[in-house]
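Worksheet: one structure, shown below.
Number of protein chains: 2
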Amino acid sequence: MGTVLQSSLQPREKPIQTRSARTVEAIFEATIQVLLRHGVEQFTTTRVAERPGVSVGTLYQYYPNKQSLLFAVLERHLNLVIRAVERACRENHHRPLETMVAAVVHAYVSAKLDQADASVALHSAASEPDGEALVARLAKRARSAMSTMLKTAPEIGSQDVDFPVLMLMSAMAGATRAVLMAGAPPLWSEVYGST
Amino acid sequence: MGTVLQSSLQPREKPIQTRSARTVEAIFEATIQVLLRHGVEQFTTTRVAERPGVSVGTLYQYYPNKQSLLFAVLERHLNLVIRAVERACRENHHRPLETMVAAVVHAYVSAKLDQADASVALHSAASEPDGEALVARLAKRARSAMSTMLKTAPEIGSQDVDFPVLMLMSAMAGATRAVLMAGAPPLWSEVYGST
DNA sequence: ACCTGAACACCGTTCAAGT
DNA sequence: ACCTGAACACCGTTCAAGT
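Laid out in structure tokens, this is it:
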């Protein structure tokens, strides 16, 4: 399963010359745009290649198939969110429990809202079986950062934090997703905006 | 949105003669089988029609498109689960809160596990935008049954129960889904089995 | 009233040929 | 080293023709 992800769903080759670097960047950018404008349902390799005026063949030189393209974008999006959470965790060791939880929730929610478009666009991709595997893999990273932080909270002592961490993550993810899907980001943006 | 669902995602016509009733039943059955054997990714109208030896044209006489076929099966599955929950709610009015919660959880979890195959097979279909709309619509029915029951609990009085009901639902759904996706039903079946 | 299946437009992916 | 685009196999959906 992890093998499949690595062997067939990842970029085929890293660009080593400037021309191809620009091509890859253009394809990547086009992927997001097509996703945003047409949705996953009408997300087509041809459409992606058309946008920067590149041949389909070229696209397939870098991504072995449609999914790998989708997942490259998904992975980037998730990485941004997770890095925000990890940073919040790192910066709040040894603080009171309440401060910790507030910091993590704020980091997660505002990272998600900063990328509201991408979040919504990628939602279906993330729901496919292989997409969920990717999400699970990255979510684990976030959870372990949270565990490490929580263990330094004065209120915690030597209690096991795995389950509470899982609950906190599920709650954050579920609530944020619900709000994004409901399509009401403007209001929340005021509360959680990064400024 | 609801209009779209009704106009284009629902069965085209009800069978009024016995021959077509059999045809529809055969298509429905084939849909489940193809879903189970090939997954959503390779779920094809041609494959569905092939199974009972029916023409693709016939399939499209009853379902206007692929999604409507998928959703018909999804709706049936969800209805079974929800009816189980509604029944549990109806039968536990005026009981202690703990009894109520235990009854609902048992009803939900065992209904899901009784249909473990279908649950897993339909997971992707339920994650598509329109699938989620359907899920949301049916989940609402379950929540209102739970609210009605909870209000008769001696511990509750006139407190608002909407939020707790939402949390209970999310928790049940999330946990059950996680277990089903992890593919470990045998163990849980012993605990929650319907016998 | 119901069914058939060839036909159409379109999609993912490949590969021989080019620079 | 990188790119092209015609070609292939396959898919969703339609519709004229049949019983």
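Protein sequence lines, in the order shown, are assigned to chains A and B.
With my numbering as the guide, the letters of the first sequence map in order to residues 1 to 195.
With my numbering as the guide, the letters of the second sequence map in order to residues 1001 to 1195.
Positions of the beta carbon are idealized from the N, C-alpha and C atoms, including for glycine.
If you're wondering where the values come from, they're calculated on a predicted model, not measured in any experiment.
Can you round the beta-carbon distance between A121 (chain A) and I82 (chain A) to whole angstroms, since I take them to be within the 8 angstroms contact cut? No, A121 (chain A) and I82 (chain A) are not in contact; Cβ-Cβ is about 18 angstroms, not under 8 angstroms.
Using a Cβ-Cβ cut-off of 8 angstroms, state whether S1119 (chain B) counts as contacting chain A. no
Could you check whether the Cβ of S1127 (chain B) sits closer than 8 angstroms to any Cβ belonging to chain A? yes
Residues in its own chain within less than 8 angstroms of P1186 (chain B) by CB, not counting five upstream and five downstream? Residue confidence is low: P1186 (chain B) scores 40 on pLDDT, short of 50, so the model does not pin down where it sits. Its coordinate-derived value is still stated next. Once the five neighbours on either side are set aside, P1186 (chain B) has no close Cβ partner at all.
Using a C-beta to C-beta distance shorter than 9 angstroms, which residues of chain B count as neighbours of G57 (chain A)? None at all; the shortest Cβ gap to chain B is about 24 angstroms.
Taking the alpha helix (DSSP H) that V105 (chain A) falls in, what are its first and last residues? 97-114
Tell me whether K1112 (chain B) is buried or exposed, calling it buried when 16 or more other Cβ atoms sit within 10 Å of its Cβ. buried
With three or more C-beta pairs closer than 8 angstroms as the rule, is the segment 80-94 of chain A touching the segment 55-66 of chain A? no
If the cut is a Cβ gap below 8 angstroms, which residues of chain A does S1124 (chain B) touch? S127, E128, P129
Does any residue of chain B have a CB that is nearer than 8 angstroms to the CB of Q159 (chain A)? no
Pull up the distance between the alpha-carbon of V1024 (chain B) and that of E1075 (chain B), whole angstroms please. 16 angstroms
Can you confirm whether L110 (chain A), when its beta carbon is compared against all beta carbons of chain B, has any partner nearer than 8 angstroms? One point to set straight first is that residue 110 (chain A) is Ser, not Leu, in the sequence displayed. Cβ-Cβ to chain B under 8 angstroms: no for S110 (chain A).
With M100 (chain A) and A153 (chain A) assumed to form a contact (beta carbons below 8 angstroms), what rounded beta-carbon distance in angstroms separates them? 6 angstroms
For R19 (chain A), which residues in the same chain have their Cβ closer than 7 angstroms to its Cβ, ignoring the five residues on either side in sequence? none
C-alpha gap between M1181 (chain B) and R22 (chain A), whole angstroms: 39 angstroms
Assumed close pair I32 (chain A), A103 (chain A) - CB separation to whole angstroms, cut-off 8 angstroms: In fact, because the Cβ distance is near 29 angstroms, the residues do not count as touching under 8 angstroms.
Using a Cβ cut-off of 7 angstroms, pull out every chain A residue sitting near S1170 (chain B), in sequence order please. G174
Every unbroken alpha helix (DSSP H) inside the segment 161-185 of chain A [4 residues or more]: 162-182
In this structure, does DSSP put P1129 (chain B) in helix, strand or coil? helix
Apply the 10 Å Cβ neighbour rule to E1086 (chain B) and answer buried if 16 or more other Cβ atoms are within range, or exposed otherwise. buried
So, helix, strand or coil for N79 (chain A), using DSSP? helix
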